[in-house]
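Here's the structure, in structure tokens; my notes come after.
Encoded structure:
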């Protein structure tokens, strides 16, 4: 009977170790996903900043053309 209990404990330990390995791999994948999401967000922020700068430049050009049209 002692051997049965010992085997059961060993199987439970093996299962717990296996589950811990799976949880660790899931955590690693989630961490990679978070990093990718952060990189995408940073890229979108940079793109938005560029788009805002372009829009501001276009507004400045439009204002210059309007001023020139009023003078001429």
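Residue numbers (UniProt numbering): 1 to 72. No residue lacks a Cβ here, since even glycine has one placed at the ideal position from N, Cα and C. As the structure is a prediction and not an experimental result, all values here were calculated from the model.
Classify residue i as buried or exposed, calling it buried when 16 or more other Cβ atoms lie within 10 Å of its own Cβ.
i	result
residue 32	exposed
Take residue i and list the residues in its own chain whose beta-carbon comes closer than 8 Å to its own, dropping the five residues that flank it on each side.
i	result
residue 51	none
Going by beta carbon distance, what residues of the same chain come within less than 6 Å of residue i, once the five residues before and after it are set aside?
i	result
residue 71	none
What did DSSP end up calling residue i once you bin it into helix, strand or coil?
i	result
residue 1	Residue confidence is low: residue 1 scores 45 on pLDDT, short of 50, so the model does not pin down where it sits. Its coordinate-derived value is still stated next. Note: residue 1 maps to coil in three-state DSSP.
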